[in-house]
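Scroll down for the structure; my scribbles are underneath it.
Number of protein chains: 2
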Amino acid sequence: MNLSAPPPHLDRLLQPATAHPRAWDLLRSLCDDVGARFPCTEGDVAAVAWAQEALGLAGLERVHAEPAEATLWHRGAESCSLLLPRQQSVALTALGGSVGTPEGGIEAEVIEFASLEALDAARPEEVAGKVVYLHHVMPRMRDGTGYNAASAVRMRGPSHAARKGALACLVRSVGTDSWRAAHTGALWYHAGAPQIPAAALAIPDAELLHRALAEGKRVRTVLALGCSPMPVGMSANVLGDIPGTDLGGEIVLLGAHLDSWDLGTGALDDGAGCAIAIEAARRIASLPARPRRTVRVVLFANEELGSGGGRAYASAHAAEAGRHVAALEADQGDGKPWALRVPAAMRESALARALHASLAPLGIELDPGVSRGGVDLAPLGHLGVPFVDLRQDVTRYFDFHHTANDVLDNVSRVEIEEATMAFSVAVWLLANAEESFSGVNQGEGTATRADIAAR
Amino acid sequence: MNLSAPPPHLDRLLQPATAHPRAWDLLRSLCDDVGARFPCTEGDVAAVAWAQEALGLAGLERVHAEPAEATLWHRGAESCSLLLPRQQSVALTALGGSVGTPEGGIEAEVIEFASLEALDAARPEEVAGKVVYLHHVMPRMRDGTGYNAASAVRMRGPSHAARKGALACLVRSVGTDSWRAAHTGALWYHAGAPQIPAAALAIPDAELLHRALAEGKRVRTVLALGCSPMPVGMSANVLGDIPGTDLGGEIVLLGAHLDSWDLGTGALDDGAGCAIAIEAARRIASLPARPRRTVRVVLFANEELGSGGGRAYASAHAAEAGRHVAALEADQGDGKPWALRVPAAMRESALARALHASLAPLGIELDPGVSRGGVDLAPLGHLGVPFVDLRQDVTRYFDFHHTANDVLDNVSRVEIEEATMAFSVAVWLLANAEESFSGVNQGEGTATRADIAAR
């Protein structure tokens, strides 16, 4: 790649579409016409049809859906009061995958722990027969640092509590807001631990409980969760290609996930990523030249509760994994990208310098860390596919993430457009690079579910 | 008043209580220990006891409760879906005082109007049998401009819709946020119009409906409101005095309202005002000198739905109305005060200059407009009591106002302390002024319910 002249057509990719903010328009259609896209619901089915139409309209070819395992789970009615002793109805929502409470709900005393370690250190007789409340506070950070630790408490807390004999487990919502909207998210029941009901309290309600317990009050809770168990169903990944020219057998993959939680309309998580990916591809497909390598958009199924889409893609495409020269995922909302992260082996390459040089005018720095990919890409990472990360600003993302407030109104038209430009530039450069770097990620860590926000 | 030397003890009133942010501590106790204070509920009864204890602890004398009429109304269960045609469950809440829907709810087509005027101009056959949706957008302004116009649509809309034969009336929430929390608030049924159910949609849900209708879609709604009618009950105003010295027969009244809506814990509306009033009075009561005039704190009952507290106070104290030389109300949340407003006849007085000179270091300007008081003070205004307004910054207030998000977590410890200082300074100066200005407000406008935010 010639660094003395700007790569061809970048100026067009960097042109803001002020008259028609297309990424936002796509997102509006997804949120308004389809709505929430929880696996195996009507919304999920509608989304798979919507995505195929959108990729076709964007000029992609070979658009199709591929089956992916998905998790069936139904939230049902949910309610909770704290007896402080005055009765305060609180906002909470079940964690994804939770079992429900017994008929008639649970009434029990609440015991608080500041960490899984503190819970693990408790005597079982302190915990047995009570509802465990885990008070872990997530900080507000541009790079999402703190989400890993907080989501580990959410995911693992219920089984840790169950091992001590707790009847149910409540967690402080994993989020950074101060609104009465609880943040859902997956839990992981450990094999061998009893499965107990688990839910997240909205942050103000969690803080109210925390203050009461800190004052030494005995607090009881009345909890009813109507959620029901998890057989496995089917959903679909949606794929589309911009076929490459002389290196058309090689693939640059741009992913996002099409599924969403049920509470909002999945505008930021991950409707924004879908809109970014589709519109970035449309911008590339409408350039006067084809990319040398094939650009593939994959909108994954079922990221939120089981990662069935990522596993299905890696399994179906294992034979061509070596031809995936780079994979990127847009799953950090609408935030403006602020850093580029590449595989360690690529950091000193001319390609990395070219990527950075082209992205720097958008305010994007070169991150010294190693690229991690996204949850959906993790199974590809295990097959040696190298990741390129555009780290987006998530300062506000965790105010809305996994809540009823994850709706179109909280998406920035300006920021989503900037993110679209950055992804289109990165994908275009990767698809046209002189060098190839397939396999450079071999042996490096790939993202786990808990890593997603810390990329 | 000698303007060349600072008035006595002002330095102490302006000392921030950093070690113990007492206004916030009071508010925490009110929100946590009492919670919501909707008239004629357990919370209301607890609040009346709490307020008497708090005024006593603050050093006020003659602390007692006086009966006030209050409105009984019960929200009940509420639910609403839009059929876009895809079904979207939306966040809404009944307007205070609304009748419920018939057993089984209402299902009907939605018709939108941008204003009461547009609704009034519609042909009845366009509206009859439908649910009217009123789309009025409130702007975000430091001084709350726009709340009057928006709340007029909320209050009057249901009867305007009923006169055209509508089955129910929905309004866009009167607020400035983008969260899935609907803003309740009182409605006024007009005599002679049928009483139809009325509710506010959360702003993102209102915008979703608006977009669908703007695209020409036919949208139906399924609406169930379990609210029940309004007999009249009893609550109480809570009063306490700091008796004055040589002019002790004259009264400077500092008011706030003790009741709140049921959805949050009334932290900003008007727990903050109660905390400001009590703590401002405590600061004055703990000075080494008594005020010349009596300082009276009144925590009014039932501001939100009927204004029974304000009417009861004016009625019980009509004989001493002429001895009320000034009345102030704190009912604008925790916001930092930015302007002082006095009666027109007082604007050129030495007292107004002294007030302004003492408040200017807090960043408070002299507003050229005429003081309006608050909703609770309006009946006193009709008796000629002059108002002094401290206009607080309400830029963020209407994000939370009348919603489930009106909780302690959304109150600023810094701002509520600044507001407390400003009110204590204004009250202290008024209570010690050389001049008196009783009656200067005669014939000037007093606040109506709809004026509250525009003071």
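Protein sequence lines, in the order shown, are assigned to chains E and P. For reference, each letter of the first sequence is one residue, going 1 to 455 in this note's numbering. For reference, each letter of the second sequence is one residue, going 456 to 910 in this note's numbering. Just so you know, even glycine gets a beta-carbon here, dropped at the ideal spot from N, CA and C. Everything numeric in this text was worked out from a predicted model, so none of it was measured.
Interface residues of chain E facing alanine 546 of chain P [CB-CB closer than 9 Å]: Position 91 of the second sequence, counted from the first residue, corresponds to residue 546 of chain P. Near alanine 546 of chain P (Cβ distances below 9 Å), the residues of chain E are Ala404.
May I ask you to report which of helix, strand or coil DSSP gives valine 34 of chain E? Counted from its first residue, the first sequence places residue 34 of chain E at position 34. It is helical.
Cβ contact check for the region 876 to 894 of chain P and the region 558 to 574 of chain P: 3 or more pairs under 8 Å: no
Give a yes or no on whether 9 Å exceeds the smallest Cβ distance from arginine 172 of chain E to chain P. Translated into the one-based positions of the first sequence, residue 172 of chain E becomes position 172. No, because no Cβ of chain P sits closer than 9 Å to the Cβ of arginine 172 of chain E.
With 9 Å as the threshold, decide whether the Cβ of valine 388 of chain E is near any Cβ in chain P. Here the question's residue 388 of chain E lines up with position 388 in the first sequence. So, not an interface residue.
So with CB distances below 9 Å, who are the chain E contacts of isoleucine 871 of chain P? Residue numbering aside, residue 871 of chain P sits at position 416 when the second sequence is read from its first letter. What isoleucine 871 of chain P touches in chain E: nothing, since even the nearest Cβ is about 15 Å away.
Members of the region 111 to 141 of chain E that neighbour chain P once the beta carbon cut-off is set at 8 Å: none
By how many angstroms is the C-alpha of alanine 150 of chain E removed from the C-alpha of alanine 447 of chain E? Your numbering for residue 447 of chain E matches position 447 in the first sequence. Your numbering for residue 150 of chain E matches position 150 in the first sequence. Legend: pLDDT at alanine 447 of chain E = 46, less than 50; position of this residue unreliable, no value from coordinates given.
Given alanine 224 of chain E, which residues of its chain have a CB within under 6 Å of its CB, disregarding the five upstream and five downstream residues? On the first sequence, position 224 is the one that residue 224 of chain E refers to. Ser79, Thr101, Gly105.
If the cut-off is 8 Å on Cβ atoms, which residues from the region 628 to 661 of chain P count as contacting chain E, listed in chain order? Ser633, Trp634, Arg635, Ala636, Ile658, Pro659
4 or more residues per run - each alpha helix (DSSP H) lying fully within the region 774 to 857 of chain P: 805 to 814, 833 to 837, 852 to 855
According to the neighbour-count rule (16 or more other Cβ atoms, all chains shown, within 10 Å of its Cβ), is glycine 443 of chain E buried or exposed? Mapped onto the first sequence, residue 443 of chain E falls at position 443. Only weak support is given to the placement of glycine 443 of chain E: the predicted model assigns it a pLDDT of 42, under 50, and the value that follows is read from those uncertain coordinates. Exposed, since its Cβ has fewer than 16 Cβ neighbours within 10 Å.
Residues in its own chain within less than 7 Å of alanine 636 of chain P by CB, not counting five upstream and five downstream? In the second sequence, the residue the question calls residue 636 of chain P occupies position 181. Cβ within range, chain order: Ala546, Ala657, Thr858, Ala859, Asn860.
Between the alpha carbons of phenylalanine 423 of chain E and isoleucine 276 of chain E, how many angstroms are there, rounded? The residue labelled residue 423 of chain E in the question sits at position 423 within the first sequence. The residue labelled residue 276 of chain E in the question sits at position 276 within the first sequence. C-alpha separation (whole angstroms): 8 Å.
If we call anything under 9 Å between Cβ atoms a contact, is aspartate 334 of chain E one with arginine 62 of chain E? In the first sequence, residue 334 of chain E corresponds to position 334, counting from 1. In the first sequence, residue 62 of chain E corresponds to position 62, counting from 1. Contact: no.
With distances taken between CB atoms, is the gap from leucine 258 of chain E to leucine 209 of chain E smaller than 9 Å? Reading the first sequence from its first residue, position 258 is the one you call residue 258 of chain E. Reading the first sequence from its first residue, position 209 is the one you call residue 209 of chain E. In this structure, leucine 209 of chain E does not lie closer than 9 Å to leucine 258 of chain E by Cβ.
Go through its chain and collect everything with a Cβ distance to threonine 265 of chain E's Cβ below 6 Å, but skip five positions before and after it. The residue given as residue 265 of chain E occupies position 265 in the first sequence. Closer than 6 Å at Cβ, skipping near neighbours: Cys31, Gly35, Ala36, Val407.
May I ask you to report which of helix, strand or coil DSSP gives arginine 449 of chain E? Translated into positions along the first sequence, residue 449 of chain E becomes position 449. For arginine 449 of chain E, the predicted model reports a pLDDT of 41, less than 50, meaning its position is unreliable; a value from the coordinates is still stated below. Correct three-state label for arginine 449 of chain E: helix.
Tell me the start and end of each unbroken beta strand (DSSP E) in the region 61 to 108 of chain E that is at least 3 residues and wholly inside, in chain order. 61 to 71, 78 to 83, 87 to 89, 92 to 94
In chain order, what residues of the same chain lie with their CB nearer than 7 Å to the CB of proline 463 of chain P, ignoring the 5 residues before and after it? The residue you call residue 463 of chain P lines up with position 8 of the second sequence. These residues qualify, in order along the chain: Ala744.
Sub-9 Å separation of alanine 345 of chain E and leucine 383 of chain E beta-carbons: The sequence position of residue 345 of chain E within the first sequence is 345, counting from 1. The sequence position of residue 383 of chain E within the first sequence is 383, counting from 1. Against a cut-off of 9 Å, the Cβ pair of leucine 383 of chain E and alanine 345 of chain E comes out as no contact.
Do the region 693 to 707 of chain P and the region 522 to 541 of chain P touch if we need at least three Cβ pairs shorter than 8 Å? no
State the DSSP-derived secondary structure class of histidine 712 of chain P, mapped to helix, strand or coil. By one-based count along the second sequence, residue 712 of chain P stands at place 257. Reduced to three states, the DSSP call for histidine 712 of chain P is strand.
Check each candidate in E/Gly129, E/Thr71, E/Ala280, E/Ala46 and name the one with the smallest Cα separation from glycine 309 of chain E. Stepping through the first sequence from its first residue, residue 309 of chain E is reached at position 309. Out of E/Gly129, E/Thr71, E/Ala280, E/Ala46, E/Thr71 has the C-alpha closest to the C-alpha of glycine 309 of chain E.
Measuring alpha carbon to alpha carbon, tell me which of P/Val849, P/Arg778, P/Val586 ends up nearest aspartate 724 of chain P. Counting from 1 along the second sequence, the entry for residue 724 of chain P is found at position 269. Here the closest residue by C-alpha is P/Val849.
Minimum Cβ-Cβ distance from valine 219 of chain E to chain P less than 9 Å: Taking the first sequence and counting its residues from 1, one reaches residue 219 of chain E at position 219. Not one chain P Cβ lies under 9 Å of valine 219 of chain E.
Mind reading off the beta-carbon distance from valine 780 of chain P to serine 891 of chain P? Whole number of angstroms is fine, and I expect it under 8 Å. In the second sequence, the residue the question calls residue 780 of chain P occupies position 325. In the second sequence, the residue the question calls residue 891 of chain P occupies position 436. Contact flag correct, Cβ pair sits at about 5 Å.
Ignoring anything shorter than 3 residues or poking outside the region 677 to 731 of chain P, list the beta strand (DSSP E) runs there in chain order. 687 to 697, 702 to 712
Which of the residues in the region 73 to 104 of chain E, read from start to end, lie with their CB under 8 Å from any CB of chain P? Leu84, Arg86, Gln88, Ala91
Name the one or two DSSP bridge partners that cysteine 40 of chain E has. As a first step, residue 40 of chain E must be located in the first sequence, where it is residue number 40. Answer by DSSP bridge pairing: none, since cysteine 40 of chain E is not bridged.
Below 8 Å on the Cβ atoms is my guess for leucine 845 of chain P versus leucine 783 of chain P; work out the distance and round it to an integer in Å. Counting from 1 along the second sequence, the entry for residue 845 of chain P is found at position 390. Counting from 1 along the second sequence, the entry for residue 783 of chain P is found at position 328. Going by Cβ atoms, the distance from leucine 845 of chain P to leucine 783 of chain P rounds to 7 Å, so yes, they are a contact pair.
Glutamate 508 of chain P by DSSP, collapsed to three states: which one? What you label residue 508 of chain P is simply residue 53 of the second sequence in a count that begins at 1. Helix, per DSSP.
Is the Cβ of threonine 720 of chain P closer than 9 Å to any Cβ of chain E? Along the second sequence, read from residue 1 onward, the residue named residue 720 of chain P stands at position 265. With 9 Å as the cut-off, threonine 720 of chain P counts as an interface residue toward chain E.
Buried or exposed (CB count within 10 angstroms, at least 16 for buried), serine 173 of chain E: Your numbering for residue 173 of chain E matches position 173 in the first sequence. It is buried - the Cβ of serine 173 of chain E has at least 16 other Cβ atoms within 10 Å.
Relative to the alpha-carbon of alanine 272 of chain E, which residue among E/Leu170, E/Gly97, E/Leu10, E/Val414 has its alpha-carbon at the smallest distance? The count along the first sequence starts at 1 and reaches residue 272 of chain E at position 272. The shortest Cα separation from alanine 272 of chain E among E/Leu170, E/Gly97, E/Leu10, E/Val414 belongs to E/Val414.
Residue range of the alpha helix (DSSP H) that includes leucine 26 of chain E: The sequence position of residue 26 of chain E within the first sequence is 26, counting from 1. Element bounds for leucine 26 of chain E: 22 to 29.
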